[in-house]
Amino acid sequence: GMDLDAAEKTDAGTTEAGMDWLFSQPELAIVHGRVRWVDESRADARPLELSELNFVMRNGLRRHQLRLDATPPADWGQRFSLRGQFRQSLLKRPGEFQHWSGELYAELPRADLRELRRHVDLPFQLSEGDGAVRAWADIKEGEPVAATLDLALRSVRLKLLDSAPELDLDHIEGRLNLARAKDKLSVQARQLGFVSGDGVVWPRSDWGVSLQLGANDEVQGGEVNAQRLDFALMAQ
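Once you know that position 224 of the sequence shown is 237 in the working numbering, the rest is easy, because the numbers rise by one and skip nothing.
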């Protein structure tokens, strides 16, 4: 029931002090909570209702640990878990979480990723997909710089780059490591296999692609490594 926008408009210091107080508490726990999440920064995001929400946060001098377990609507997916371990910059206030660095872990036993992308920024463009995901994200100064994903998805449509064509996959399974810098994209696969929408079968294997990017994500060069290559399959 607290309007944080109003507090910022009347006294920004009040909100900052409140956030600093919150992230300075040794422990905060919420049990059997209910949350209605409305994100006004995303035009296509419908309100998300989370029930049976359990949340715990523990804070130290420069460290923060978080865990959240919640049940989303049935069409969104099954009960999921988020966990994070972060450290804050030495000269920053506790409430300046945009300067935290650390790791965030997410476990989604079943999720509609089309709904997920309405609320979360993903390291690639995903317009469709349904199944199980485990993800580890490396956070540096509040920004994701790398991600590891264990996937078991069906009916997937995704684009790794704006300039790349959309991939239409019947299903995909395995592990992906993604790292993105200003001028570089790295994708490393571990026992990753997929079946495309037109029936092309890529067997589970290890491979990797590192791309040098220019303006507007134009590919200017790169490297490919693989356990083995089937050039006829790659052409398809």
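Glycine included, each C-beta is placed from N, C-alpha and C at the ideal position.
Helix or strand or just coil, what does DSSP make of residue i?
| i | result |
| --- | --- |
| residue 77 | strand |
| residue 111 | helix |
| residue 244 | helix |
| residue 33 | helix |
| residue 127 | helix |
| residue 228 | helix |
Determine the direct distance from the alpha carbon of residue j to that of residue i, and round the result to whole angstroms.
| i | j | result |
| --- | --- | --- |
| residue 131 | residue 228 | 26 Å |
| residue 220 | residue 153 | 26 Å |
| residue 33 | residue 190 | 34 Å |
| residue 206 | residue 164 | 10 Å |
| residue 105 | residue 161 | 28 Å |
| residue 172 | residue 54 | 23 Å |
| residue 5 | residue 249 | Residue 5 is absent from the model: the chain starts at 14 and stops at 249. |
| residue 204 | residue 186 | 8 Å |
| residue 236 | residue 158 | 20 Å |
| residue 245 | residue 155 | 43 Å |
| residue 179 | residue 28 | 43 Å |
| residue 40 | residue 30 | 17 Å |
| residue 123 | residue 35 | 32 Å |
| residue 129 | residue 47 | 19 Å |
| residue 202 | residue 125 | 22 Å |
Tell me which residues share the same chain as residue i and place their Cβ nearer than 8 Å to its Cβ, disregarding the 5 neighbours each side in the sequence.
| i | result |
| --- | --- |
| residue 45 | 65, 66, 67 |
| residue 37 | 72, 107 |
| residue 197 | 223, 224, 225, 226 |
Within the same chain, show all residues whose beta-carbon is closer than 7 Å to that of residue i, passing over the 5 residues directly before and after it, in chain order.
| i | result |
| --- | --- |
| residue 141 | 127, 168, 169, 170 |
| residue 121 | 90, 93, 145, 146 |
| residue 115 | 97, 98, 99, 100, 152 |
| residue 238 | 220, 221 |
For the candidate residues the options, whose alpha-carbon lies nearest to that of residue i?
| i | options | result |
| --- | --- | --- |
| residue 51 | 63, 41, 43, 116 | 63 |
| residue 231 | 175, 204, 187, 243 | 175 |
| residue 233 | 71, 61, 177 | 177 |
| residue 143 | 102, 156, 87, 160 | 87 |
| residue 57 | 48, 133, 238 | 133 |
| residue 243 | 40, 225, 216 | 216 |
| residue 81 | 129, 211, 69, 75 | 69 |
| residue 75 | 55, 125, 110 | 110 |
| residue 119 | 98, 105, 112 | 98 |
| residue 181 | 237, 39, 210 | 210 |
| residue 148 | 183, 188, 155 | 188 |
| residue 213 | 237, 247, 156, 203 | 247 |
| residue 166 | 158, 184, 179 | 184 |
| residue 150 | 193, 186, 123 | 193 |
So, under 8 Å CB-CB, residue i and residue j are touching, yes? Tell me the CB distance rounded to an integer number of Å.
| i | j | result |
| --- | --- | --- |
| residue 96 | residue 84 | With a Cβ gap of about 17 Å, residue 96 and residue 84 do not count as contacting. |
| residue 222 | residue 200 | 5 Å |
Excluding five sequence neighbours on each side, which residues of the same chain lie with their C-beta closer than 6 Å to the C-beta of residue i?
| i | result |
| --- | --- |
| residue 240 | 218, 219 |
| residue 101 | 75, 113 |
| residue 49 | 60, 62 |
| residue 43 | 68 |
| residue 78 | 71, 98 |
Give a single yes or no on whether residue i has its beta carbon closer than 8 Å to a heavy atom of the ligand PLP.
| i | result |
| --- | --- |
| residue 179 | Of ligands this structure carries none, so the ligand PLP is not represented either. |
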